[in-house]
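Notes follow the structure.
Residue numbers (my numbering), protein chains in the order written: chain W, 931 to 1086; chain H, 189 to 306.
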């Protein structure tokens, strides 16, 4: 099964959720600033890469974990994928798309905009990390829910 | 036009244009859904897909799905937004606007057919 965490820009929320899922970031306690910096693809997705599925790793259930930036139209992006699988005769349950944007903090939005759009990384990246840290427990809760689903239905 | 519902030789009248399935329909529930229109002369299935202003995001996404799932479906996305309006109008207005751009659309469809037949 392929599990895709989606968010607006594919740089912060989805990367954080995928990193917690794969154990790059801890599920207990708040990670240090440097730990965020070490997460692959954190604050790195460019505008022309939006929509692409970026592989982050394989979890303990042998499911492949990806991240994807879908701008503000997650329903459109999800519909397009499932509709495409449908017309191609593929099993739609091979793909699970998870919205990681539910936990967005305003500081993350501002930091993401400053870093990715204005290219002022030195200011934007720390702001985005501060925002993520303030909602970190919600990311952990989201990942816990996803893992519960995997335990029930989704192991390969 | 690609599947022969509309002619490529002359501008169809209003009645014929408005009778094309889904013409002028912009329902939110259709966005992101592949809608089957027919098969062309070299057996390619032709679909329409509403993407709002996110053509590149959706194109990237479909390419990723194709690649990661090894589908090799050979999906060919053609952006025809330039012939459309970004605001919702009654079908009659769409007909009036499309009538003016019809010859350009004919050329675009011919170009696409040449590309996919190579």
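In this text, a Cβ means the ideal position worked out from N, Cα and C, and glycines have one as well.
For clarity, every value in this text was computed on a predicted model and none was experimentally measured.
Residues of chain W with CB under 7 Å from residue i, in chain order?
i                      : result
residue 286 of chain H : Simply none; closest approach about 24 Å.
residue 261 of chain H : 1018
What residues from chain H crowd round residue i, counting only those whose CB sits closer than 8 Å?
i                       : result
residue 1005 of chain W : 219, 220
residue 932 of chain W  : 256, 257
residue 1011 of chain W : 249, 250, 253
Which chain H residues are close to residue i, counting only those with a beta carbon under 9 Å from its beta carbon?
i                       : result
residue 1142 of chain W : Because residue 1142 of chain W is not part of the residues shown, which for chain W are 931 to 1086, the question remains open.
Please list, in chain order, all residues of the same chain as residue i whose beta carbon is under 7 Å from its beta carbon, the five residues on each side excluded.
i                       : result
residue 290 of chain H  : 199
residue 983 of chain W  : 934, 996, 998
residue 987 of chain W  : 952, 995
residue 1066 of chain W : 960
Under three-state DSSP, which class holds residue i?
i                       : result
residue 1011 of chain W : helix
residue 1025 of chain W : strand
residue 994 of chain W  : strand
residue 985 of chain W  : strand
residue 934 of chain W  : strand
residue 1054 of chain W : helix
For a contact defined as C-beta to C-beta under 8 Å, what are the partners of residue i on chain W?
i                      : result
residue 235 of chain H : 1017
For residue i, collect the residues of the same chain with a Cβ closer than 8 Å to its Cβ; drop the 5 residues on either side in sequence, then sort them by chain order.
i                      : result
residue 979 of chain W : 940, 999
residue 985 of chain W : 994, 995, 996
residue 219 of chain H : 238, 239, 240
Could you pull out every residue in the same chain whose Cβ sits closer than 6 Å to the Cβ of residue i, ignoring the five residues on either side in sequence?
i                       : result
residue 876 of chain W  : No information on residue 876 of chain W is available, as it lies outside the stretch 931 to 1086 that chain W covers here.
residue 193 of chain H  : 208
residue 1055 of chain W : 973, 1045
In chain H, which residues lie with their C-beta within 7 Å of the C-beta of residue i?
i                       : result
residue 1000 of chain W : 245
Any 3 or more C-beta pairs closer than 8 Å across the region 1017 to 1025 of chain W and the region 993 to 1007 of chain W: no
Cβ contact check for the region 1030 to 1038 of chain W and the region 937 to 956 of chain W: 3 or more pairs under 8 Å: yes
Inter-stretch contact at 8 Å, needing at least 3 Cβ pairs: the region 1067 to 1083 of chain W / the region 195 to 212 of chain H: no
Continuous beta strand (DSSP E) assignments of at least 3 residues falling wholly in the region 218 to 242 of chain H: 223 to 227, 233 to 236
At least 3 beta-carbon pairs within less than 8 Å: the region 1033 to 1047 of chain W vs the region 991 to 998 of chain W: no
Segment contact flag, the region 220 to 230 of chain H with the region 253 to 269 of chain H, C-beta cutoff 8 Å, min 3 pairs: no
Sufficient close CB pairs (3 or more, under 8 Å) joining the region 1039 to 1057 of chain W to the region 948 to 957 of chain W: no
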